[in-house]
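Asks: Dumping the structure here so I can ask a few things about it.
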Amino acid sequence: MDIHVRTDANVDITGQLRERIETDVVSALDRFSDHLTRIDISFRDESAGRETADDIRCLMEARPAGQEPVTVTASSARVLTAFAEALDKLETLLTHKFGRLDDKDSRETIRGR
Numbered sequence: 044m045d046i047h048v049r050t051d052a053n054v055d056i057t058g059q060l061r062e063r064i065e066t067d068v069v070s071a072l073d074r075f076s077d078h079l080t081r082i083d084i085s086f087r088d089e090s091a092g093r094e095t096a097d098d099i100r101c102l103m104e105a106r107p108a109g110q111e112p113v114t115v116t117a118s119s120a121r122v123l124t125a126f127a128e129a130l131d132k133l134e135t136l137l138t139h140k141f142g143r144l145d146d147k148d149s150r151e152t153i154r155g156r
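With our numbering applied, the sequence shown corresponds to residues 44 to 156, in that order.
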């Protein structure tokens, strides 16, 4: 699972913060690593540098192998808060998506009887 972190010109992420983001993603999504090929994380300052509430937007896109990508977004005044909220949303989405696929594969069908 490749992890790519991108920012716009108005969001500054240090190397230490980038490392923490990657570590948190691996920790939260490791159980899906067999299904995922890539995670794209983008941070954008919606107010282009002006001070406003909830102006940092985090967009996360997961690319499951052989399936359409799924995306989530979260906004906050802080990079880490927006990231944490988006990661929680993505984890929930993937749990639902892959749980449903696993459940479908394990259930007996009318045709299988």
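We put the beta carbon where it would ideally sit given N, CA and C, even for glycine.
Given the structure is predicted, the values throughout are model-derived calculations rather than measurements.
Do R106 and T80 count as a contact pair if the criterion is CB distance below 7 Å?
Replies: Start at 1 with the first residue of the sequence shown, and residue 80 comes out as number 37. Start at 1 with the first residue of the sequence shown, and residue 106 comes out as number 63. Their beta carbons are under 7 Å apart, which means T80 touches R106 by this criterion.
Asks: Measuring only the C-alpha atoms, how far is A71 from L130?
Replies: For the purposes of this step, residue 71 is identified with residue 28 of the sequence shown, where counting begins at 1. For the purposes of this step, residue 130 is identified with residue 87 of the sequence shown, where counting begins at 1. The straight-line gap from Cα to Cα measures roughly 8 Å.
Asks: Which of the three DSSP states, helix, strand or coil, is assigned to E104?
Replies: Here the question's residue 104 lines up with position 61 in the sequence shown. E104: strand per DSSP, three-state reduction.
Asks: Name the DSSP bridge partner or partners of A117?
Replies: If you number the sequence shown from 1, residue 117 lands on position 74. Bridge partners of A117: C101.
Asks: In its own chain, which residues sit with a C-beta less than 6 Å from the C-beta of I84, not counting the 5 before and 5 after it?
Replies: Within the sequence shown, numbered from 1, the residue matching residue 84 stands at position 41. Cβ neighbours of I84 beyond the five flanking positions: V48 and M103.
Asks: Can you tell me whether R74 is buried or exposed? The criterion is at least 16 other CB atoms within 10 Å of its CB, across all chains shown.
Replies: On the sequence shown, position 31 is the one that residue 74 refers to. By the neighbour-count rule (16 or more Cβ atoms within 10 Å), R74 is not buried but exposed.
Asks: Give the range of the alpha helix (DSSP H) segment to which S70 is assigned.
Replies: Position 27 of the sequence shown, counted from the start, is the residue given in the question as residue 70. Start and end: G58 to L72.
Asks: Starting from D77 and walking both ways along the beta strand (DSSP E), at which residues does that stretch end?
Replies: Working through the sequence shown from its first residue, we reach residue 77 at position 34. Looking at the DSSP string, D77 is not in any beta strand (DSSP E), and its letter there is neither H nor E.
Asks: Quick one, are the C-beta atoms of V115 and L133 less than 7 Å apart?
Replies: On the sequence shown, position 72 is the one that residue 115 refers to. On the sequence shown, position 90 is the one that residue 133 refers to. Going by C-beta atoms, V115 is nearer than 7 Å to L133.
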